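Numbering (my numbering), first residue to last: 1 to 268. Even for Gly, the Cβ is constructed at its ideal location relative to N, Cα and C. Remember, predicted model here, so these are calculated numbers, not experimental data. Before any comments, here is the structure.
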Amino acid sequence: MNDRRHAFLQEMGLGPVWSRRATLPPSAAAVVDEVTQESEALTADFAAAGLSSISEAAAPVALRFEEATETGDDIARMDWEQLKAAVAPCTKCGLCRTRTQTVFGVGDQRAKWLFVGEGPGRNEDAQGLPFVGPAGKLLDNMLIAMGMKRGENTYIANIVKCRPTDANKRDRAPEPDEANACMPYLQRQIELIDPTVIVALGKTAALSLLQLDPATPVGKLRGTVHRYADRPLVVTYHPAYLLRTPGDKRKVWADLCLAMQTYDGAGK
Ligand code: SF4
1 MNDRRHAFLQ
11 EMGLGPVWSR
21 RATLPPSAAA
31 VVDEVTQESE
41 ALTADFAAAG
51 LSSISEAAAP
61 VALRFEEATE
71 TGDDIARMDW
81 EQLKAAVAPC
91 TKCGLCRTRT
101 QTVFGVGDQR
111 AKWLFVGEGP
121 GRNEDAQGLP
131 FVGPAGKLLD
141 NMLIAMGMKR
151 GENTYIANIV
161 KCRPTDANKR
171 DRAPEPDEAN
181 ACMPYLQRQI
191 ELIDPTVIVA
201 LGKTAALSLL
211 QLDPATPVGK
221 LRGTVHRYAD
231 RPLVVTYHPA
241 YLLRTPGDKR
251 KVWADLCLAM
261 QTYDGAGK
């Protein structure tokens, strides 16, 4: 069966009704026989589907493809289950080619606190959960220091849901086009969660959410309460950075104190 016919049958939900007789030596008669059977089988398949021509058959194939490529408006109307179902097979950017699985996010779907990182790393890609491994452990400790716990009134997500890697298969930050492609999913998560305070963990999260110039240093964004979709947003360093630069833990604690003051001030 040729690839095009196979694709048609799959898209139309029709099982194969003809199998190629392989291993015979090619001859003109065999080729003619094959083409004839192929044609007859396709005609029968189209008739079974209530179609009269190949062009008529192509229409539902095209329609299905469009349906699978949801727009930002489609995503903005999704509930949690629809959103998860859309993310899992997503191919909107090149990161789909190297992921093991998508990493959707984890936590209380009505949390008042939302923490946003940049993207899954090796451990997250393997487990399908955000912030596992040493950086995740540090984030958990930060939550404990704030009197909170992962999964309780907190939600943790990333700017991109697939692991970005470089040519040597090492973790890297997502490119702006990858972040832009994935952003509608996070936007919908934020609308569904409706958090009181958002904490952007690191440069990629801060710049993507605030739509700022990529050259903006995180240090310039700290110490200020920003706004994302009319919600307060506080910027701090990514836990992975803190593992490399433990001397900056004091700065992160100051940022988290600002976030807690903002939360208290919101009166929720
Ligand atoms: Fe889709 Fe986001 Fe993964 Fe890109 S990173 S393939 S947009 S889920």
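Name the DSSP beta bridge partners of Trp113, please?
BP columns for Trp113 point to Thr154 and Val197.
Does the Cβ of Cys257 lie closer than 7 Å to at least one heavy atom of the ligand SF4?
-> No, since every heavy atom of the ligand SF4 falls outside the 7 Å radius drawn around the Cβ of Cys257.
* Report yes if the CB atom of Thr102 is closer than 8 Å to the CB atom of Val87, and no otherwise. => Yes, Cβ-Cβ distance for Thr102 and Val87 is below 8 Å.
Out of curiosity, what's the CA-to-CA distance linking Cys96 and Cys257?
Approximately 37 Å, taken between the alpha carbons.
If you follow the alpha helix (DSSP H) that Val234 is part of, which residue opens it and which one closes it?
It is not in any alpha helix (DSSP H) - Val234 instead sits in the beta strand (DSSP E) that spans Arg231 to Thr236.
Here's the rule I'm using: 16 or more other beta-carbon atoms within 10 Å means buried, otherwise exposed. How should Glu118 be labelled? Under this definition Glu118 is a buried residue.
* Buried or exposed: where does Glu178 fall if 16 or more other Cβ atoms within 10 Å of its Cβ makes it buried? -> Burial call: buried.
task: Grab the span of the alpha helix (DSSP H) containing Arg250 for me, first residue to last.
output: Secondary structure note for Arg250: its alpha helix (DSSP H) is the uninterrupted segment Lys249 to Ala266.
Whole-number beta carbon distance between Ala266 and Pro232, since they are thought to touch under 8 Å: Indeed, because the Cβ distance is near 7 Å, the residues count as touching under 8 Å.
Quiz item: Hey, is the segment 143-157 in contact with the segment 229-245, meaning 3+ C-beta pairs nearer than 8 Å?
Solution: No: the two stretches stay apart, fewer than three of their Cβ pairs being nearer than 8 Å.
- Within 10 angstroms of the Cβ of Gly50, are there 16 or more other Cβ atoms? Answer buried if so, exposed if not. For Gly50, the pLDDT reaches just 46, beneath the cut-off of 50, and the residue's location in the model is therefore unreliable, leaving the point undetermined.
Here's a check: name, in chain order, each residue in its chain whose Cβ is nearer than 7 Å to the Cβ of Leu192, leaving out the five neighbours to either side. Counting only residues of its own chain and dropping the five nearest sequence neighbours on each side, Leu192 has a CB closer than 7 Å to the CB of Trp80 and Gln109.
- DSSP on Lys149, reduced to helix/strand/coil? Lys149 falls in the strand class under three-state DSSP.
What residues sit near the ligand SF4, counting only those whose C-beta is closer than 7 Å to one of its heavy atoms, in chain order? That gives Val87, Cys90, Thr91, Lys92, Cys93, Leu95, Cys96, Arg99, Thr102, Val160, Lys161, Cys162, Glu178, Ala181, Cys182 and Tyr185.
- request: Using only alpha-carbon positions, find the residue among Asp264, Val199 and Lys251 that is nearest to Thr154.
  value: Taking only the C-alpha atoms, the option nearest Thr154 is Val199.
**Prompt:** Roughly how many whole angstroms lie between the Cα atoms of Pro239 and Lys149?
**Reply:** Rounded to the nearest angstrom, the gap between the Cα atoms of Pro239 and Lys149 is 16 Å.
Closest by CA to Ala116, which one among Leu242, Thr245 and Val197? The amino acid at residue 116 is misidentified as Ala; the sequence shows Val. Measuring from the Cα of Val116, the nearest candidate turns out to be Val197.
Exercise for the section: Can you give me the Cβ contacts of Pro26 inside the same chain, cut-off strictly under 6 Å, excluding the 5 residues immediately before and after it? Expected result: Note that Pro26 has pLDDT 43, beneath the 50 cutoff, so the model's placement of it is unreliable and no number is given.
According to DSSP, simplified to helix, strand and coil, what is Val103? Coil at Val103, not helix or strand.
inquiry  = Quick check on the DSSP output: the beta strand (DSSP E) that includes Ala225 runs from which residue to which?
reply    = The question names Ala, but residue 225 is Val in the sequence shown. Run containing Val225: Val225 to Tyr228, per the beta strand (DSSP E) assignment.
**Asked** Starting from Pro239 and walking both ways along the alpha helix (DSSP H), at which residues does that stretch end?
**Response** According to the DSSP assignment, Pro239 belongs to the alpha helix (DSSP H) that extends over Pro239 to Arg244.
Notebook entry, point to check: Using the C-alpha atoms, what's the distance from Asp264 back to Lys161?
Noted result: Lys161 and Asp264: Cα-Cα distance of roughly 31 Å.
Checklist entry - Can you give the Cα-Cα distance for Asn141 and Thr204, rounded to whole angstroms? => result Our two residues, Asn141 and Thr204, have alpha carbons roughly 22 Å apart in a direct line.
Hey, how far is the Cα of Gly136 from the Cα of Trp113?
-> Here the C-alpha atom of Gly136 lies approximately 16 Å from the C-alpha atom of Trp113.
inquiry  = Less than 8 Å between C-beta atoms, sequence neighbours within five positions excluded: which residues of the same chain meet that for Leu212?
reply    = Cβ neighbours of Leu212 beyond the five flanking positions: Ala206 and Leu221.
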